[in-house]
Ligand code: DQA
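In our numbering, the protein residues as written are 44 to 192.
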């Protein structure tokens with residue numbers, strides 16, 4: 044039987060991790076975070092597919108596709124977290140557990156980062172723990188999916 048897949052979705056500017064604002068986001072590159080998250084998921088019996096886009100509509104399409112192709116989703120929608128009703132609607136239709144992750148502590152930053160269009164729909168939100176947040180999100184999803192099975 045194929046392993047259930049976790050989709051790890053990254054939004055705008057996260058392709059610049061390790062280069063932009065390292066004092067906020069750390070020096071680890073997105074590809075390295077994706078790889079360590081994949082290793083962790085595989086240890087727990089899941090496959091992990093990682094995708095990043097700077098384009099809102101592309102992220103919406105991938106969330107729609109995840110309705111069929113993924114068992115759960117980990118999402119860091121970057122700045123679209125704070126603006127995107129389209130992503131809110133896509134996640135509303137997902138029908139699978141998802142965890143919202145942010146590298147930085149949004150509540151220690153500007154007010155406009157304090158609101159998330161996704162958080163009310165998420166199974167949980169992990170913020171401010173850097174790359175560790177993604178591993179914790181895999182742990183949480185694994186438990187939630189086991190419970191649901
Ligand atoms: C972020 C926080 C967002 O406010 C910001 O726009 C990002 C990264 C984080 O992971 O801390 O791009 O999602």
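Positions of the beta carbon are idealized from the N, C-alpha and C atoms, including for glycine.
Strand pairing of residue i, partner residues [DSSP]
{"i": "residue 119", "result": "53"}
{"i": "residue 155", "result": "Note: residue 155 sits in no beta bridge, so no partner."}
{"i": "residue 125", "result": "None, per the DSSP bridge assignment."}
{"i": "residue 144", "result": "169"}
Residue i - DSSP class collapsed to helix/strand/coil
{"i": "residue 94", "result": "strand"}
{"i": "residue 89", "result": "coil"}
{"i": "residue 62", "result": "coil"}
{"i": "residue 48", "result": "strand"}
{"i": "residue 176", "result": "helix"}
{"i": "residue 167", "result": "strand"}
{"i": "residue 100", "result": "helix"}
{"i": "residue 74", "result": "helix"}
{"i": "residue 114", "result": "coil"}
{"i": "residue 150", "result": "helix"}
{"i": "residue 161", "result": "coil"}
{"i": "residue 137", "result": "coil"}
{"i": "residue 192", "result": "coil"}
Beta-carbon proximity of residue i to residue j, cut-off 8 Å
{"i": "residue 184", "j": "residue 76", "result": "no"}
{"i": "residue 109", "j": "residue 135", "result": "no"}
{"i": "residue 57", "j": "residue 95", "result": "yes"}
{"i": "residue 69", "j": "residue 172", "result": "no"}
{"i": "residue 115", "j": "residue 188", "result": "yes"}
{"i": "residue 51", "j": "residue 90", "result": "no"}
{"i": "residue 125", "j": "residue 152", "result": "no"}
{"i": "residue 123", "j": "residue 47", "result": "no"}
{"i": "residue 117", "j": "residue 148", "result": "no"}
{"i": "residue 196", "j": "residue 60", "result": "Residue 196 falls outside the range modelled here, since the chain spans only 44 to 192, and no answer is possible."}
{"i": "residue 166", "j": "residue 141", "result": "yes"}
8 Å contact criterion, which residue i and residue j should meet: CB distance rounded
{"i": "residue 143", "j": "residue 103", "result": "Residue 143 to residue 103, Cβ: 16 Å. No contact."}
{"i": "residue 80", "j": "residue 150", "result": "Residue 80 to residue 150, Cβ: 24 Å. No contact."}
{"i": "residue 99", "j": "residue 53", "result": "Not a contact, Cβ separation roughly 13 Å."}
{"i": "residue 181", "j": "residue 83", "result": "5 Å"}
{"i": "residue 161", "j": "residue 130", "result": "6 Å"}
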